[in-house]
Structure formats: structure tokens, C-alpha cells
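Peer 1: Offset between the sequence shown (1-based) and my numbering: plus 7. Mind having a look at this structure? Questions to follow.
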Amino acid sequence: MSTSAPETAPTQMALEESKHLQKTLGRFDIVFLVVAAVVSIEVLGQVAGYGGETFTWTLVLTVLFLVPYALIFAETGGAFTEEGGVYTWVRQAFGRFAGAIAAMLTWVTQPVWVGGTSAFIAVETWSAYVSPIDHGSFWDHGFKLIFIWVTVASAIVSLKHGKWLPTLGALLKVAFLAFFLVVTVIYGVQHGFQGLTASYFAPTLTGFLGLTPLLLFSFLGFESGNSAAGEMKNPGRDVPVSIARSAGIAAASYLLPILAILLVVPVEKIQGISGLFEAVATVFTIFGDGAGAMLTISAIVFIFVLMSQGGAWMIISDRMQAMAAADGSFFGGFFGKIHPGLGTPVRVNTMSGIVGTVFMLAAMVFVNGQAGALFQVVLTICISTFLMSYLFAIPAAISLRKKFPDVHRPYRVPVNDVVWRILGAVCTAWIVLGTWVAIFPGTLEALFGVEYPFTDIWGVDQGTFSVFTLSTLGIIVLIGVAGYLLGRRLRQPTEAIPVAGERVTVG
């Protein structure tokens with residue numbers, strides 16, 4: 008049996024805090040926790056705005072990225088079952104410092120996304136389809152604050168109770184999409200579909216470069232449930248099956264609704280969240296006078312789904328960051344405390360709520376003009392850090408098979424080590440491409456002679472964009488480095504311990 012060397016073994020604090028974890032997650036819970044987190048229906052309208060090639064590129068990435076990516080993490084997630092997930096995998100593969108940076112990149116995305124983006128989508132949807140809310144009003148601020156802190160509360164309460172927000176949200180998400188598809192078919196039978204031809208789905212380089220980061224971001228996260236592996240009843244058995252099922256649900260949840268939107272809404276009308284609801288409003292005309300009420304109900308369901316998605320990510324990413332803290336990789340262990348009664352990382356949860364609130368308030372202030380454009384650049388790059396974290400996570404997963412060959416793997420991808428490394432190289436290449444396009448948009452377009460009106464898209468010139476992008480990334484990495492350095496006193500790891508398959512080494 009392989010062992011973790013002392014320098015990559017968990018610290019004494021990590022072992023002690025893991026004793027407070029409560030094993031409450033079964034296979035059903037894991038599947039829907041991941042579906043709640045990963046399937047982002049708010050991006051459907053945004054990606055569909057590229058027209059028929061959206062479906063083509065989504066299908067391509069499903070086959071060439073989602074499938075190998077899911078296989079890699081089904082094996083890794085079933086074999087390495089410490090609380091903390093990706094953090095612990097990167098630590099075991101490349102050391103504690105690399106794990107600290109990977110955890111920071113993963114965690115920071117979630118509160119920024121909830122406070123700076125998701126809360127705004129929710130209130131705009133409510134205002135458009137339920138009851139108008141004036142921007143900047145008391146009700147606008149109150150709605151967004153409630154949205155943020157409900158997601159935080161679902162992560163603070165014990166997992167036995169908190170898991171039901173993302174579970175219900177995932178079930179409603181699947182039901183909403185299934186209902187939309189059925190209604191779309193009925194609408195098409197009655198009114199006809201748009202005249203789509205093979206040329207309509209023809210891929211272009213512009214679409215490829217524009218869609219790749221969005222689609223990758225939408226597909227990532229199936230291994231995220233392992234952040235709570237120490238709270239799973241049987242992770243070795245349940246994780247591989249859960250990843251397979253949630254990946255299948257995700258593929259269908261993107262491919263079929265995108266096709267449905269394209270069938271009923273002209274491309275020029277598809278813009279962001281309005282694109283999805285433009286399609287919903289169109290097909291709901293089959294309900295006659297009841298269409299308005301059906302649209303209102305759909306908007307309320309959509310808002311709840313967004314809230315549950317934020318709650319799922321708070322549950323997942325906060326646990327990873329808490330274990331990194333307890334393991335001496337994030338500010339001296341203060342954030343590594345697990346509440347002994349609740350079994351949750353209350354201090355990290357609270358920090359996430361504060362960060363989300365700060366970004367929400369900043370977005371309320373920096374709305375228009377140059378300041379608004381610059382804030383959107385900062386917001387975009389903060390969210391893109393989740394994509395960048397996989398530059399650590401995927402190579403770590405590939406490395407662990409070679410580094411710990413004797414670890415029991417309840418599921419093993421039926422390929423030899425050469426093919427295993429090829430799968431990892433393919434997935435990593437996609438992440439490198441998506442990361443480059445996110446950090447340096449327009450550069451590949453310029454290389455291939457594709458028009459890219461940078462200032463029109465971003466509101467700032469390319470030089471200013473790069474300065475703010477790299478500065479934001481630098482600040483995030485510096486926080487990660489500072490957190491690692493200030494956790495030094497905790498880094499007195501336990502003696503070398505066995506790395507077991509279904510046995511949880513921490514938790």
C-alpha cells in the first residue's frame with residue numbers, strides 16, 4: 008500500500024477538525040448536489056447567441072472534453088476520498104503550495120459569481136417577469152442581499168439540512184428544462200420550426216474562440232462533490248457513479264435546450280438571459296391567456312434554481328478552502344475550524360458571504376461608463392479563475408495514478424497509462440485554450456485574421472484590459488501566497504500515512 012510522505016500528509020489540525028464532519032451524503036445527494044452546481048441554465052441564452060454552431064461546438068466539447076474529463080475524475084474521485092477534494096489531490100501530487108493556489112483559484116470564483124453576477128440575474132428576472140424593481144432602490148439592494156445570504160445560510164447549516172436547497176434546485180432545474188422541451192415540441196408541431204439547414208450548424212473559428220471558455224466553464228465541476236468526500240457515506244462506491252450520472256444529465260441539459268432555443272427564436276433576438284426567456288415566452292403562447300402566469304412561475308423557478316446553484320457552490324468550495332486552511336495553506340488555520348455541532352466551516356462561509364456582498368455593492372456603484380467597464384473586466388477574470396484552477400487539478404489527477412499505483416480504485420478507466428496521459432493532455436489542452444482566450448481575448452482572433460472589435464465588446468482598449476486582468480490575477484495569487492506563508496506554523500504534518508482507496512484518510 009502506498010503512503011503519503013510527511014510533507015504531503017494532512018496536518019494535525021486537519022485531522023482534528025475532520026472529526027466534526029457528519030456523514031450524510033448518499034449517492035442521490037451527491038448526484039443532485041453536483042447537478043445543482045454544474046448545470047448553469049443562465050448561460051443557455053448567452054451561448055445560443057452564436058447561432059446554430061453553438062449546438063455543434065457543444066457537441067464537440069461533450070465528446071472531446073466532457074467525456075474524458077468525467078472519466079479522469081470518476082477514477083480519481085473514487086480512489087482519493089479525503090475531505091477537500093481537488094486541494095488534497097494537488098497537495099499529494101505537487102505539494103502543499105500548489106494545492107493552496109489551486110484552492111484559492113477555485114474558491115474565489117464562487118462568492119464573486121454569486122454576489123457580482125447571479126444576484127443581478129435573479130433580480131433582473133424578477134423585475135422583468137414577476138414585479139418591477141427599480142435599480143438602486145431599497146428593494147433592489149434587499150433582494151440581492153437576501154439572495155446572497157440565503158446561499159450562505161444553506162452552507163452554514165448542517166449538511167443534513169443544507170443539502171436540500173441544492174437538491175430541490177437541481178430537481179426543479181431538470182423539471183424546468185424537461186417541461187420547456189415538451190412545450191417546444193408542441194409549439195413546433197402547431198406553428199412550425201425555424202428553417203434550419205446543415206449550413207446553419209456549420210462551425211466557424213469565431214464561434215469556436217468565443218464559445219470555448221463559456222462551454223468549458225459550464226462543463227466543469229463534476230469532481231467538486233469530493234470537497235465534501237469526508238461527509239459521504241461511501242465515496243469510493245458512489246462518486247464514480249454520481250459523476251457518470253451528473254455528466255449525462257449535464258450534457259442533455261445543455262444540448263437539448265440549446266437546440267430548442269435555436270428552433271424557436273431568431274438568432275438576432277438571443278441575448279443573454281433574455282434569450283432563454285424569449286424562447287420560453289414564445290413557446291408558452293400555446294397556453295393562450297395563461298401564458299403570462301406560466302412565464303411568471305417559470306421566472307420564480309429560475310430564480311430559485313440560481314439560488315440553489317449558489318448554495319451548492321458555497322457548500323462545495325467553502326469546504327475545500329476550509330480544509331486548505333486547516334492544512335496550513337490559508338492564513339494560519341483561523342478559517343480551518345469546523346463547527347463541532349453543525350459540522351460546517353462557518354468562518355469560511357461567512358467570509359464568502361462578505362466577499363459576495365462587497366462585489367454586489369461594488370457592482371451597484373460601478374454601473375456605467377469607464378468605471379463600469381473596468382469593474383466588469385475585474386469581475387470576469389475573478390470568475391474565470393475557476394477555469395484556471397484546472398491547470399492544477401487535471402495534471403494532479405493524471406499524476407496520482409502513477410504516484411500511487413497501489414491505491415484501490417473502485418472504478419478504474421479501462422486504459423493503460425499511456426492512454427491515461429493522453430486523456431489528461433487533451434483535457435489540459437482545452438483548459439489552456441480556454442484560459443488563454445479568457446485572459447487575452449482577441450489575440451488568437453488577430454493571429455488568424457478574425458475580426459474582433461475589442462473596445463465595442465469590453466468597453467476598454469486591449470492594453471487597459473490586460474493591465475486590469477493581470478493585476479487582478481496577481482492580487483488573487485498574492486492572497487494565496489500570503490495565506491500559505493501565514494499558515495506555516497500549522498505545517499507540522501502527521502507521520503507518513505497510508506493512502507487508501509475507499510478509506511478516508513482525513514475525515
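Note that CB positions come from ideal geometry on N, CA and C, so glycine has one too. Everything numeric in this text was worked out from a predicted model, so none of it was measured.
#1: Can you tell me whether Leu485 sits near the ligand SAM, meaning its C-beta is under 6 Å from at least one heavy atom of the ligand?
#2: Residue range of the alpha helix (DSSP H) that Lys180 falls in?
#3: Checking the sheet assignment: what are the DSSP bridge partners for Leu32?
#4: Would you mind working out which of Gly348, Ala126, Ala129 and Phe399 sits nearest His27, comparing C-alpha positions?
#5: Applying the criterion that 16 or more other CB atoms from any shown protein chain within 10 Å of the CB defines a buried residue, is Thr462 buried or exposed?
#6: Considering only residues of the same chain and omitting the five flanking positions on each side of Phe382, which have a CB-CB separation below 8 Å?
#7: Under a three-way DSSP split, which group does Thr18 fall into?
#8: Does any residue of chain D bring its CB to less than 7 Å from the CB of Leu454?
#9: Give every residue of the same chain whose Cβ lies closer than 7 Å to the Cβ of Ala100, excluding the five residues on either side of it in the sequence, and list them in chain order.
#10: Give the DSSP-derived three-state secondary structure of His532 in the structure shown.
#11: With H, G and I counted as helix, E and B as strand and the rest as coil, what does DSSP make of Gly514?
#12: Over what stretch of residues does the alpha helix (DSSP H) that includes Leu477 continue unbroken?
#13: Report the CB separation of Phe226 from Ala257 in whole angstroms; it is logged as a contact under 8 Å.
#14: Following the continuous alpha helix (DSSP H) through Arg326, name the residue where it begins and the one where it ends.
#15: Let me know if Thr292 comes out buried or exposed under the rule of 16 or more other beta-carbons within 10 Å of its beta-carbon.
#16: At which residues does the alpha helix (DSSP H) containing Gly52 begin and terminate?
#17: On a CA-only basis, which of Lys180, Ser134 and Ile483 is nearest Phe337? Give me that one, please.
#18: Once you ignore the five residues that flank Pro242 on each side, which residues in its own chain have a CB closer than 6 Å to its CB?
#19: The alpha helix (DSSP H) spanning Glu82 covers which residue range?
#20: Please classify Phe472: is it buried, with 16 or more other beta-carbons within 10 angstroms of its beta-carbon, or exposed?
#21: Which stretch, first to last residue, makes up the alpha helix (DSSP H) that contains Ser231?
#22: Report the rounded CA-to-CA distance for Thr442 versus Met395, giving the unit in angstroms.
#23: Shortest alpha-carbon distance to Gly217 belongs to which of Ala489, Glu458, Tyr491 and Leu480?
#24: Rounded to a whole number of angstroms, what is the C-alpha to C-alpha distance between Thr213 and Ile268?
Peer 2: Put simply:
#1: The ligand content of the structure shown is nil, which means the ligand SAM is not present either.
#2: In the sequence shown, residue 180 corresponds to position 173, counting from 1. Taken as a continuous stretch (DSSP letters only), the alpha helix (DSSP H) holding Lys180 covers Trp171 to His198.
#3: Numbered from its first residue, the sequence shown carries residue 32 at position 25. According to DSSP, Leu32 bridges with Met239.
#4: Taking the first residue of the sequence shown as 1, we reach residue 27 at position 20. With distances taken between Cα atoms, His27 lies closest to Gly348.
#5: As a working note, residue 462 is residue 455 in the sequence shown. Result: exposed.
#6: The residue given as residue 382 occupies position 375 in the sequence shown. Excluding sequence neighbours, Phe382 sits near Ala369, Ala370 and Phe373.
#7: What you label residue 18 is simply residue 11 of the sequence shown in a count that begins at 1. It is a strand residue.
#8: The question asks about chain D, but that chain is absent: this structure has only one protein chain.
#9: The sequence position of residue 100 within the sequence shown is 93, counting from 1. So the list reads Ala403, Ser406, Leu407 and Lys410, once near-sequence residues are dropped.
#10: Residue coverage of the chain in this structure runs from 8 to 514, which leaves residue 532 outside it and unanswerable.
#11: In the sequence shown, the residue the question calls residue 514 occupies position 507. For Gly514, the pLDDT reaches just 34, beneath the cut-off of 50, and the residue's location in the model is therefore unreliable, although a value from the coordinates is still provided. Gly514: coil per DSSP, three-state reduction.
#12: Translated into positions along the sequence shown, residue 477 becomes position 470. Counting along the chain, the alpha helix (DSSP H) containing Leu477 begins and ends at Gln469 to Leu492.
#13: Here residue 226 corresponds to residue number 219 of the sequence shown, with the count starting at 1. Here residue 257 corresponds to residue number 250 of the sequence shown, with the count starting at 1. Indeed they touch by this definition, with Cβ atoms about 7 Å apart.
#14: Numbered from its first residue, the sequence shown carries residue 326 at position 319. Where Arg326 is concerned, the enclosing alpha helix (DSSP H) stretches over Ala298 to Ala333.
#15: On the sequence shown, position 285 is the one that residue 292 refers to. Thr292 should be labelled exposed.
#16: Your numbering for residue 52 matches position 45 in the sequence shown. That run of the alpha helix (DSSP H) goes Leu51 to Ala55.
#17: Position 330 of the sequence shown holds residue 337. With distances taken between Cα atoms, Phe337 lies closest to Ile483.
#18: As a first step, residue 242 is located in the sequence shown; it is residue number 235 there, counting from the start. These residues qualify, in order along the chain: Thr88 and Ala236.
#19: Reading the sequence shown from its first residue, position 75 is the one you call residue 82. Counting along the chain, the alpha helix (DSSP H) containing Glu82 begins and ends at Val74 to Ala86.
#20: In the sequence shown, residue 472 corresponds to position 465, counting from 1. So Phe472 ends up on the buried side.
#21: In the sequence shown, counting from the first residue as 1, residue 231 sits at position 224. No alpha helix (DSSP H) contains Ser231, which DSSP labels as neither H nor E.
#22: Here residue 442 refers to the residue found at position 435 when the sequence shown is read from its first residue. Here residue 395 refers to the residue found at position 388 when the sequence shown is read from its first residue. C-alpha separation (whole angstroms): 6 Å.
#23: In the sequence shown, the residue the question calls residue 217 occupies position 210. Nearest of Ala489, Glu458, Tyr491 and Leu480 to Gly217, Cα basis: Glu458.
#24: The residue labelled residue 213 in the question sits at position 206 within the sequence shown. The residue labelled residue 268 in the question sits at position 261 within the sequence shown. Thr213 and Ile268: Cα-Cα distance of roughly 20 Å.
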